[in-house]
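Numbering (numbering that gives the first Met the number 0), first residue to last: 0 to 165. Glycine included, each C-beta is placed from N, C-alpha and C at the ideal position. Treat the numbers as computed from the prediction; the structure is a model and nothing was measured.
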Amino acid sequence: MRSAERARKIAERVDRLIGREAVKAGGRAPTYRELTERINRLAGRDVISKDTIRNLHHGVTQKGQVPNPTVDTLDWLGRGFGIRAGASYFVDDAKAAVVDEQLERLEKIGDLRQALGNSEVVSLVQRASGLSDGSLHMLVALADKLKQLEDNAGSGESRHGPTGTE
0 MRSAERARKI AERVDRLIGR EAVKAGGRAP TYRELTERIN RLAGRDVISK
50 DTIRNLHHGV TQKGQVPNPT VDTLDWLGRG FGIRAGASYF VDDAKAAVVD
100 EQLERLEKIG DLRQALGNSE VVSLVQRASG LSDGSLHMLV ALADKLKQLE
150 DNAGSGESRH GPTGTE
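The structure is reproduced here in structure tokens:
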């Protein structure tokens, strides 16, 4: 793989990880300084600089050159985002696909935990627990339809329902 293509893939993966963190933090992405401090604290020593993270995120150094990180640097970068696969996440497409799929599942679990914090969702689950498979399929179809209606209603729609009533 050419170094420019490798740098692009690394940049895309760093961007994806930063984006996931921004979503978890309500839209605020971590700064390069925050990432550097987190990674160096995790390592117990200085293993990466904010400029290195910036270069890897942009896929180019400040001098316009393609970054050429060491395996150790990529390993610590991955660990800083909670990726146990470390460097292989950034350089191995198959490993990246597996890790991304696992991250998606974790996000869905987080969404489920958040939904279970909503008493209305818990009440719905309790009511649905004794239903037949056929009724559960109908309930899922109804929920999908309501979600679609709310999504299509756009930003003018309140969270009270498709008719605007509670």
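Practice problem: Kindly list the residues whose CB is nearer than 8 Å to the CB of Lys94, restricted to its own chain and excluding five residues on each side of it in sequence; keep chain order. | Solution: Ala84, Ser87 and Tyr88
Exercise. Please report the residue range of the alpha helix (DSSP H) in which Ser48 lies.
Key: Careful: Ser48 lies outside any alpha helix (DSSP H) and carries neither H nor E.
Quiz item: Which runs of the alpha helix (DSSP H) spanning at least 4 residues fall entirely within the segment 28-96, listed in chain order?
Solution: 31-42, 49-57, 70-79 and 86-90
Quiz item: Starting from Arg19 and walking both ways along the alpha helix (DSSP H), at which residues does that stretch end?
Solution: Ser2 to Lys23
Practice problem: Kindly indicate the opening and closing residues of the alpha helix (DSSP H) around Leu123. | Solution: Ser118 to Ala127
Quiz item: If Pro66 and Leu76 are in contact, beta carbons under 8 Å, what's the gap, nearest whole angstrom?
Solution: Not a contact, Cβ separation roughly 11 Å.
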